[in-house]
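Everything in the sequence shown is counted per this note's numbering, starting at 38 for the first residue and increasing by one.
Beta carbons are placed, not taken as given, at the ideal position from N, Cα and C, and that holds for glycine.
Following: one structure in structure tokens, then a few remarks.
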Amino acid sequence: MADVTMGDELIKEQQFEVIEGIMDTDPKGAISKFREILKGRAVDQPLDVWQERAAFRLMKLYAQVEDAGSLLALLQDLRKSFDAFTKSKRESYIKTIYDKLALIPNTDAEQIAMCEEYIEMFKGEKRNILRQKFETKLASLLSKKGEYPRALQLLSSLQTELKKLDDKLLLVELFLIESRTHHALNNLAKAKSTLTAARSNANSIYVGVQLQAEIDMQSGILNAEEKDFRTSFSYFLEAHEGFVSKDDHVNGLACLKYMLLSKIMNGQGEEVHAIVNAKNSLRFADDEVIGCLKEIADAYKISSLSKFSKILERNENLISQDVLLKTHLSDLKNDLLEKNLIRIIEPYSRVDVDRVAQLIKMSEQEVQSKLSQMILDKKFRGILDQGSGELIVFEDPIPDSTYEDSLTTIQNMGHVVNNLIRRARHLQAQ
């Protein structure tokens with residue numbers, strides 16, 4: 038009898054290996070066969086070894102083919118047998134399915150629904166650690182979705198709870214999410230303070246590579262907002278290396294984009310091609326945004342506003358998807374426009390605005406608006422003559438130092454008089 042059982046197990050093992058062998062080449066076929074293994078199982082019984090292995094393989098395959106509906110259906114099917122599972126098994130199934138669901142693009146709504154459902158379940162079971170973890174995930178999703186007040190409210194209640202428990206690792210995640218939320222709300226001071234809190238807690242415990250890379254990435258973003266692109270590049274480089282080591286393609290690519298942006302904004306566009314050709318960056322070299330940033334670096338290097346504008350127009354859909362890129366490239370275009378305008382008007386005292394518009398390949402109205410703004414910002418001295426359509430540029434006044442020199446003379450005379458008084462008193466005392 039034992040020999041028959043061992044023989045059956047060996048046959049099942051061989052059959053299972055055959056199915057696993059087609060997971061990459063024929064995922065749909067593998068899904069069908071793994072479903073057959075789970076079919077007809079007893080709801081009031083825990084899964085046997087083969088059914089459990091089939092369930093986990095199905096989770097992986099559904100994520101691979103990006104079938105969120107089937108992944109959630111599998112969870113509902115397994116949930117029928119939750120009473121027969123141990124708590125650790127239930128936790129393993131729920132967490133694995135959530136992690137696989139998070140890998141599928143455009144499933145934020147499904148993730149939020151799943152978090153809310155299982156938070157209620159964990160509350161009923163008084164499993165506070167799991168509830169807190171899923172509430173942290175929910176806060177991150179709400180922030181990403183743009184529901185900032187609800188996200189901040191959830192983060193606040195969680196922080197109060199976790200500070201009492203001194204769960205520093207989860208506190209690091211919470212402060213990081215809060216920093217991202219405040220940054221999205223353009224509250225830079227709050228974003229910096231909460232990131233500092235995340236770093237303080239992270240320094241007192243061991244933090245995994247992935248989480249440390251996320252902290253470095255957020256640090257780079259906040260430094261970029263303060264126009265400190267040298268420091269931001271260093272943070273993005275650290276984060277990029279961390280994400281690449283964990284095979285996180287999405288965040289690794291984002292950090293590489295920000296690294297190139299930092300170099301361009303810092304006036305070091307000539308280094309962009311070398312960064313893209315580095316070992317950790319080669320896998321991202323064919324990305325459209327990376328190609329766009331390389332072109333932008335070349336255009337900015339030669340101060341070609343027309344070429345720069347054409348690149349931005351051609352890649353508008355790509356760039357608009359990333360707020361950080363869109364904001365800083367807009368600033369860069371504005372800076373390049375001002376440099377080009379100053380270069381054109383610098384040799385003249387009177388310039389025809391229409392001619393400037395022709396040279397810079399922009400409409401006369403746009404050029405007038407920009408010149409007005411530059412005059413108000415004191416980038417140069419001049420006025421716009423609306424009647425003649427000309428820009429009148431004034432010479433920079435020669436600074437008159439008469440008042441400063443007079444004050445210096447009076448101060449020096451004051452010192453001399455004070456010294457004479459001191460000496461007179463000293464002589465009288467003798």
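Limits of the alpha helix (DSSP H) - the one that residue i falls within
i	result
Ile131	124-139
Asp368	360-382
Asp442	439-466
Leu319	Unbroken run through Leu319: none, as it is neither H nor E.
Arg78	Looking at the DSSP string, Arg78 is not in any alpha helix (DSSP H), and its letter there is neither H nor E.
Ala477	Not covered by the structure: residue 477. The range shown for the chain is 38 to 467.
Ile356	353-357
Sequence-distant residues of the same chain with beta carbon closer than 7 Å to residue i, five excluded per side
i	result
Leu376	Per the sequence shown, residue 376 should be read as Lys rather than Leu. Within the same chain, Lys376 has close Cβ partners Ser340.
Phe122	Pro83
Leu342	Leu373, Leu374, Asn377, Ile397
Phe119	Arg127
Thr439	none
Arg217	Ser180, Gln255
Asn317	His277, Glu278, Val281
Lys415	none
Thr144	Ala105, Leu138
Glu262	Leu225
Backbone secondary structure at residue i - three-state DSSP
i	result
Ile429	strand
Asp40	Note that Asp40 scores a pLDDT of 45, beneath 50, so its modelled location is shaky; the value from the coordinates is reported in the next line. Looking at Asp40 - three-state DSSP - the assignment turns out to be helix.
Ser237	helix
Leu290	helix
Lys419	Looking at the sequence itself, residue 419 is Gly, so the reference to Lys does not match. In the structure shown, Gly419 sits in a strand (DSSP, three-state: E or B).
Val393	helix
Val244	coil
Arg164	coil
Val102	coil
Val326	helix
Arg387	strand
Met399	coil
Ile184	In the sequence under discussion, the amino acid at residue 184 is Glu, which differs from the Ile named in the question. DSSP places Glu184 in coil when its eight states are reduced to three.
Asp61	coil
Lys264	coil
Asp85	coil
Ile348	helix
Gly66	helix
Lys174	helix
Asp285	coil
Ser118	coil
Ser340	coil
Ile435	coil
Gln305	coil
Gly279	helix
Asp253	helix
Asp335	helix
Asp414	coil
Chain-order list of residues whose beta-carbon lies under 6 Å from that of residue i (same chain, five-residue window excluded)
i	result
Asn449	none
Ala39	For Ala39, the predicted model reports a pLDDT of 43, less than 50, meaning its position is unreliable; a value from the coordinates is still stated below. None.
Ile420	Ile429
Lys294	Val326
Tyr272	Asp253, Ser256, Gly257
Asn483	Absent from the model: residue 483. The displayed extent of the chain is 38 to 467, so no value can be given.
Arg94	Phe71
Gln196	Leu211
Interface flag, residue i vs chain D, CB-CB below 8 Å
i	result
Phe71	The structure shown contains no chain D, having only a single protein chain.
Residues near residue i in its chain [Cβ-Cβ closer than 8 Å; skip 5 each side]
i	result
Val41	Reliability of the predicted coordinates at Val41 is poor, the pLDDT of 41 falling under 50, and no value is obtained from them.
Glu153	Leu175
Glu54	none
Gln148	Tyr135, Leu138, Ala139, Lys174, Leu178
Glu307	Ala334, Lys338
Any non-hydrogen atom of the ligand COA closer than 7 Å to residue i Cβ
i	result
Gln402	Of ligands this structure carries none, so the ligand COA is not represented either.
Contact between the stretch 381-391 and the stretch 361-368: three or more CB pairs below 8 Å? no
Spell out a yes or no on whether the stretch 423-437 and the stretch 386-405 are touching, meaning 3 or more CB-CB pairs, one atom from each, closer than 8 Å. yes
Please confirm if the stretch 147-166 is in contact with the stretch 127-139, defined as three or more CB-CB distances below 8 Å between the two stretches. yes
Does the count of Cβ pairs from the stretch 85-93 and the stretch 102-110 closer than 8 Å reach three? no
Quick test of the definition: if touching needs 3 or more C-beta pairs under 8 Å, does the stretch 265-275 touch the stretch 228-247? no
Could I get the ranges of all uninterrupted beta strand (DSSP E) runs contained in the stretch 180-232, with 3 residues as the minimum, in chain order? none
Please determine if the stretch 148-160 and the stretch 185-199 are in contact, where contact requires at least 3 C-beta pairs separated by less than 8 Å. no
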